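Going by our numbering, the first residue of the sequence shown is number 157, and it counts up by one from there.
Below is one structure, written out as structure tokens, with a few remarks after it.
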Amino acid sequence: MPLDPARTVAELKELRELTADENGAQRVAWTETWERARAWLREKVAPTGAEHEIDAAGNQWFTLPGSSERALVIGGHIDSVPNGGWLDGCLDVMAGVEVLRRVAEEGTPPLTVRLVDWADEEGARFGRSLFGSSAASGSMDDQDELRRRRDADGIAWPDALAEHGVDLDRALEARSQLDSAAAYLELHIEQGPVLESLDLPLGVVLGTFGVERHLIAWHGQAAHAGSTPMDKRRDALAGAAKLELELRSIAAEVRDGAVCTSGGVVCKPGIVTSVVETAEQLLDQRHLDPAKLARLLELAREASERFAREEDLELEWQRIWRIDPIPFDDRLIELADQSIREVAGSSHRLPSGPLHDAAEVARRGIPTVMLFVQSLRGLSHTKVEDTKEEHLELSVLALDRLTTKALEAFA
Ligand SMILES: [Zn+2]
């Protein structure tokens, strides 16, 4: 079948009809609705003749053999958060189906072409994102911890997995699926406001941000709000407040997309009649460049020490979590840029704040790139998530162009 981007939009609506209710998409991984979506997907792909397979981590693969066993992989995820949108994850899968149809019709491709529907990208039920792709990339190393996880109803994760034919102890065997991968492509909604603000339908993703997350504990002295003069106070919240405002200049100094967020401060004793004795402050810093990420952290530490001196406070830093930036492949970024310019006139390069399955694939060392299509109002993980239909159609066209270019470049 020749490429028909309008069909992708129609099929996304069909999927919404099948798996959403009045609150939005309900394709949470390891549920009956998710299985219904996967069975529907299998039927959609069947006419292309692509072989269907579910791997040891529950990922769903469709393979069109090519002249070479080396494979160009297109990926997405059909699972959603509860009350999710109609595009997050499944746009990638359904655009990939449309590309498979076109490739199948044209005969044997130079590389094998595979579509993967990653299992449980969202981590909505058990709180662990990127399950299937981290198993396939080999980065999953928390099985002992995963074994202990339970959902809101107290069902253990291994039991839920077993109901869907997945044995947690064998999930890492999915690693072999990427042995033959030559390159990986993923189309996703942006889930942010950048492309809309530039009035551009599509952009190329340079990679995913590295993240530094810390808990900063400020210690002062609780004291009576009435009897303690202003110049005799050791107010822990003053340190946290100064740092929160300083984050703006820190991000501005480091630039190039730097973002810093203090997402919460817990104050103790936290009563109206006392100066704050301890303030526990959350800090999240992100950058695409490892040196600049390190600089963001260094500037925040220096500023915190300065404020601790000014306010006569003690200070403790504790790392909660970190991940390195994961850059995408230069050659594929170039091809993606060309593809977007061909279908939309102009392109834009931007980093991704959220992690995606593509980051796991890139971590495995496989050349990877993502395309973003504009999200209206930057919203996702809600039923109001939306993208203009003309932009959805352009995104299918761009993924198709990119597939053709990647097949040539990596054959
Ligand atoms: Zn997604």
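A virtual CB, placed ideally from N, CA and C, is assigned to each residue, including glycine.
This one's a predicted model, so the numbers in the text were calculated from it and none came from an experiment.
Counted within 10 angstroms of its Cβ, other Cβ atoms place residue i as buried (16 or more) or exposed
{"i": "E277", "result": "buried"}
{"i": "G521", "result": "exposed"}
{"i": "I482", "result": "buried"}
{"i": "W313", "result": "buried"}
{"i": "S332", "result": "exposed"}
{"i": "S405", "result": "exposed"}
{"i": "I489", "result": "buried"}
{"i": "E178", "result": "exposed"}
{"i": "W274", "result": "buried"}
{"i": "M526", "result": "buried"}
{"i": "Q530", "result": "buried"}
{"i": "A408", "result": "exposed"}
{"i": "Q216", "result": "buried"}
{"i": "T543", "result": "buried"}
{"i": "H512", "result": "buried"}
{"i": "K388", "result": "exposed"}
{"i": "A318", "result": "exposed"}
Residues near residue i in its chain [Cβ-Cβ closer than 6 Å; skip 5 each side]
{"i": "R172", "result": "W242"}
{"i": "S236", "result": "A181 and R183"}
{"i": "E546", "result": "none"}
Contact check, residue i vs residue j, beta carbons under 8 Å
{"i": "D468", "j": "A330", "result": "no"}
{"i": "L302", "j": "L558", "result": "no"}
{"i": "G348", "j": "G240", "result": "no"}
{"i": "R451", "j": "G359", "result": "no"}
{"i": "G231", "j": "V272", "result": "yes"}
{"i": "V367", "j": "D309", "result": "no"}
{"i": "P357", "j": "E254", "result": "no"}
{"i": "L371", "j": "Q474", "result": "yes"}
{"i": "S418", "j": "L399", "result": "yes"}
{"i": "L324", "j": "A292", "result": "no"}
{"i": "V422", "j": "H443", "result": "no"}
{"i": "T429", "j": "H380", "result": "yes"}
{"i": "T524", "j": "F484", "result": "yes"}
{"i": "A227", "j": "T268", "result": "yes"}
{"i": "I234", "j": "A195", "result": "no"}
{"i": "G288", "j": "A213", "result": "yes"}
{"i": "E458", "j": "L471", "result": "no"}
Nonlocal neighbours in the same chain, by C-beta distance under 8 Å from residue i, ignoring five residues either side
{"i": "R561", "result": "This sequence places Lys at residue 561; Arg is not what is there. Taken in chain order, the residues that qualify are L491, Q494 and S495."}
{"i": "L168", "result": "W242, L243, C246, L247, M250 and L548"}
{"i": "L159", "result": "E254, V255, R257, R258, V552, L553 and D556"}
{"i": "V499", "result": "L358, L550, L553, A554 and R557"}
{"i": "T384", "result": "V431"}
{"i": "R163", "result": "E254"}
Beta-bridge pairing of residue i - partner residues as DSSP gives them
{"i": "E436", "result": "A373 and V422"}
{"i": "A181", "result": "A176 and G240"}
{"i": "W274", "result": "Beta-bridge pairing links W274 to no other residue."}
{"i": "Q216", "result": "I210 and D273"}
{"i": "T268", "result": "A227"}
{"i": "S430", "result": "H380"}
{"i": "P483", "result": "G363"}
{"i": "E368", "result": "Q441 and R478"}
{"i": "L358", "result": "V529"}
{"i": "V415", "result": "R442"}
{"i": "R306", "result": "A312"}
Terminal residues of the beta strand (DSSP E) in which residue i lies
{"i": "I210", "result": "E207 to I210"}
{"i": "Q530", "result": "Segment: none, Q530 is in no beta strand (DSSP E) and carries neither H nor E."}
{"i": "P446", "result": "Run containing P446: none in the beta strand (DSSP E); it sits in the alpha helix (DSSP H), P446 to E467."}
{"i": "T143", "result": "No answer is possible for residue 143: it lies beyond the span of the chain, which begins at 157 and ends at 567."}
{"i": "A338", "result": "A337 to I345"}
{"i": "I230", "result": "S224 to G232"}
{"i": "I479", "result": "E470 to I479"}
{"i": "P507", "result": "R505 to S508"}
Beta-carbon contacts of residue i that lie in its chain and below 7 Å, excluding the five residues immediately before and after
{"i": "P238", "result": "Q182, V184 and A280"}
{"i": "S575", "result": "Lying outside 157 to 567, the shown extent of the chain, residue 575 is not represented and no answer is given."}
{"i": "A414", "result": "A407, H443, K448 and L452"}
{"i": "I476", "result": "R369, H370 and L371"}
{"i": "P425", "result": "A378 and E433"}
First and last residue of the uninterrupted alpha helix (DSSP H) at residue i
{"i": "W190", "result": "E188 to V201"}
{"i": "P261", "result": "Correcting the residue type first, residue 261 is Glu in the shown sequence and not Pro. It spans C246 to E261 - the alpha helix (DSSP H) in which E261 sits, taken as one unbroken run."}
{"i": "L401", "result": "A392 to V410"}
{"i": "Q299", "result": "Q299 to R303"}
{"i": "P314", "result": "W313 to E319"}
{"i": "E516", "result": "D513 to R519"}
{"i": "F287", "result": "F287 to S293"}
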